[in-house]
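Here's the structure, in structure tokens; my notes come after.
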Ligand SMILES: [Zn+2]
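Numbering (the numbering used here), first residue to last: 1 to 179.
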């Protein structure tokens, strides 16, 4: 797979150079927007395109199920940094229908861990459901993430946070949480 990627990359870089697409752009989000969404493969490219954003315009954070739990400090830290030093003014939490994190169970993860040689005492040391970020309802999970972002002390209060739910096939958005 590595070789395949590197081979493809050679041609890709050539094409970009020929098209003049290789010029330097700012790492600052032109639209001052950050999106926090799920790592679901159906959302790759779809989320940005469906919202009208392109390369250079927004920052995108992803994890399994766009969850913010006790063990997801990283998400809050990135949003806080985005707001404090990268000019982010608006955060969209974009959950999606048919999320895999709703179908997942603690038992399934436990089984997989056992089969792949994770030590039993290690498995017993965590709350699997919390650790994995299993969700019971996609919309409610978006609302919880919005709440966690709004309650995080390091994120300035003037940052606007909205919650949306996307259809992973059509890309249609539904509002879950407004200001
Ligand atoms: Zn998902």
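Virtual Cβ for every residue (Gly too), placed ideally from N, Cα, C.
For residue 174, the pairing in a beta bridge is given by DSSP as 165. Going by C-alpha positions, residue 178 is about 35 Å away from residue 24. Taking the Cα positions, residue 124 is about 14 Å away from residue 132. In this structure, the straight-line span from the alpha carbon of residue 90 to that of residue 120 is close to 43 Å. Pairing residue 54 with residue 48 gives a Cβ-Cβ distance under 8 Å. Contact annotation, residue 58 with residue 29: C-beta distance approximately 5 Å; criterion of less than 8 Å satisfied.
With contacts defined as CB atoms closer than 8 Å, residue 83 and residue 156 qualify as a contacting pair. Beta-bridge pairing by DSSP links residue 96 to 166. Closest in C-alpha terms to residue 99, from the list 106, 73 and 64, comes 64. Contact between the stretch 157 to 176 and the stretch 134 to 147 is present: three or more C-beta pairs spanning the two stretches fall below 8 Å.
In the structure shown, residue 53 falls within a coil segment according to DSSP collapsed to helix, strand and coil. Contact between residue 70 and residue 38 fails: their C-beta atoms lie close to 19 Å from each other, not under 8 Å. DSSP places residue 113 in the helix class (H, G or I) of the three-state scheme. The DSSP-derived three-state label of residue 123 is helix. Minimum Cα-Cα distance from residue 88 among the listed residues 18, 79 and 40 corresponds to 79. Beta-bridge analysis with DSSP links residue 63 to 38.
Taking the Cβ of residue 101 as the reference point, at least one heavy atom of ligand 1 falls within a distance shorter than 7 Å.
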